[in-house]
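Here the sequence shown stands for residues -19 to -1, 1 to 81, where the numbers follow mature numbering (1 follows the signal peptide of the UniProt record, and there is no 0). Okay, structure first, notes after.
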Amino acid sequence: MRAAAAILLLAGGLAGPSAGPPGSGCSPASLELCGDAELEAMIKEKEAEIEQIDELSAMSAELRKEKEAELEELEADFQATVEGLKEIEELEAGRGAEEL
């Protein structure tokens, strides 16, 4: 996880506020101006952002599964309604033939 955060940090990664003290020039765009503590703070910040994204992704996948299950249930209800309507139509068609 740290390696991924470091890569994102070095590549400009997720946009965020500068981790360095005001006026230090330390930022993801100028890592050479950062001290070890500042770099570590930026990496921890990026790791936290990655964890949030991972959590959102997991929540999104779970929500998608729930919605797919709801959709399957609605589709089954719809098919049952269609079958019921077909049966009614057949019964009424049979009654019409008997009346003639």
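Using N, Cα and C, we set each Cβ at its ideal position, and we do this for glycine too.
Inter-residue Cα distance where the pair is residue i and residue j
i, j, result
"GLY16", "SER8", "11 Å"
"ALA22", "GLN33", "17 Å"
"GLU54", "GLU26", "42 Å"
"ILE24", "ASP35", "16 Å"
"GLU30", "LYS46", "24 Å"
"LEU66", "GLU51", "23 Å"
Residue(s) in a DSSP beta bridge with residue i
i, result
"residue 98", "Given a span of -19 to 81 for the chain in the structure shown, any question on residue 98 remains unanswerable."
Residue i and residue j closer than 8 Å at C-beta
i, j, result
"LEU14", "LEU20", "no"
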